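Residue numbers (the working numbering): 6 to 269.
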């Protein structure tokens, strides 16, 4: 091969192939792979850190609600909790996690309250977190399902439950049916208005002119006679009664329907 042809072949090879020297190869490898810092791994340009867990706002809400339901028991029908702060999940180190509301005795406040949340990780105390929440209590207050006249005696069929929000646990509304049934309206009562203690009174057990049993007791001795009342009265009140046998008028205490007692 002539010198001219040899030069031509070398020229063509230099245009299609790039000869890399050992030094250039080492520099290229160093630029393409960067060692990760100890304890970390590179991943898509970021860093993977040790795993963390979260306590969500929803979980905080459920925990506080469960705590209050246990504390208040049957005094309320439902508890509503809205967590105001924190507004973001609480980051907790990885491990076995448990948390609870730190109990506070005799705290029955409604509205905005701060709860202390104790957080344990792997059986050890990690932190105590303050949680600000708005708390509301719902009750089923009793109300008449129809209008009631003054002195009208109330029975179970006259009652309905009205779900309502209360601003204090020591509310004035009646929730126990036994406190209403058998009582009478202290004044005319409209339907659907929750009962308060002042709306009710003991019913008139004996009316003027009723025939009653007069009972006189002393020790083991008991004497009974029939009489007629001269006035009306309620349980525990005193009324005048005329003894039908003797015609004498006696002051007697009402102790039950159609029954009065005298002392001798």
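All C-beta atoms in this analysis are idealised placements derived from N, C-alpha and C, irrespective of residue type, glycine included. All values derive from a computational prediction rather than experimental measurement.
If residue i and residue j are in contact, beta carbons under 8 angstroms, what's the gap, nearest whole angstrom?
| i | j | result |
| --- | --- | --- |
| residue 232 | residue 219 | 5 angstroms |
| residue 210 | residue 159 | Wrong, their Cβ atoms sit about 15 angstroms apart, outside the cutoff. |
| residue 155 | residue 192 | 5 angstroms |
| residue 92 | residue 62 | 7 angstroms |
| residue 216 | residue 269 | That belief does not hold up - the Cβ atoms of residue 216 and residue 269 are roughly 21 angstroms apart, past 8 angstroms. |
Which word fits residue i, buried or exposed, when buried means at least 16 other C-beta atoms lie within 10 angstroms of its C-beta?
| i | result |
| --- | --- |
| residue 261 | exposed |
| residue 188 | buried |
| residue 38 | Legend: pLDDT at residue 38 = 32, less than 50; position of this residue unreliable, value from coordinates given subsequently. Classification for residue 38: exposed. |
| residue 202 | exposed |
| residue 48 | Because residue 48 sits at a pLDDT of 31, beneath the cut-off of 50, its placement in the model cannot be relied upon, and the point is left open. |
| residue 234 | buried |
| residue 109 | exposed |
| residue 205 | buried |
| residue 226 | exposed |
If I follow the unbroken beta strand (DSSP E) through residue i, where does it start and stop?
| i | result |
| --- | --- |
| residue 134 | 129 to 149 |
| residue 120 | 116 to 126 |
| residue 169 | 164 to 171 |
| residue 209 | 209 to 211 |
| residue 258 | 254 to 261 |
| residue 89 | 83 to 90 |
| residue 220 | 216 to 223 |
| residue 242 | Looking at the DSSP string, residue 242 is not in any beta strand (DSSP E), and its letter there is neither H nor E. |
| residue 98 | 95 to 98 |
| residue 265 | 264 to 267 |
Starting from residue i, trace the alpha helix (DSSP H) in both directions and tell me its first and last residue.
| i | result |
| --- | --- |
| residue 74 | 62 to 77 |
Closer than 7 angstroms to a non-hydrogen atom of the ligand SAH - does that hold for the CB of residue i?
| i | result |
| --- | --- |
| residue 129 | Absence of the ligand SAH is noted for the structure shown, with no ligands found whatsoever. |
CB residue i to CB residue j, shorter than 8 angstroms?
| i | j | result |
| --- | --- | --- |
| residue 251 | residue 244 | no |
| residue 144 | residue 82 | yes |
| residue 57 | residue 98 | yes |
| residue 199 | residue 146 | yes |
| residue 104 | residue 124 | yes |
| residue 119 | residue 142 | no |
| residue 60 | residue 106 | no |
| residue 221 | residue 149 | no |
| residue 246 | residue 254 | yes |
| residue 174 | residue 80 | yes |
| residue 161 | residue 182 | yes |
Between the options, which lies nearest to residue i when the distance is taken from Cα to Cα?
| i | options | result |
| --- | --- | --- |
| residue 90 | 131, 122, 71 | 122 |
| residue 116 | 167, 129, 88, 132 | 88 |
| residue 101 | 225, 110, 128, 212 | 128 |
| residue 228 | 240, 248, 213 | 248 |
| residue 113 | 78, 126, 241, 131 | 78 |
| residue 138 | 73, 177, 96, 132 | 73 |
| residue 212 | 111, 263, 130 | 263 |
| residue 157 | 130, 185, 132, 177 | 185 |
| residue 168 | 75, 84, 71 | 84 |
| residue 133 | 166, 111, 95 | 95 |
| residue 111 | 66, 76, 265 | 76 |
| residue 230 | 240, 64, 265, 242 | 265 |
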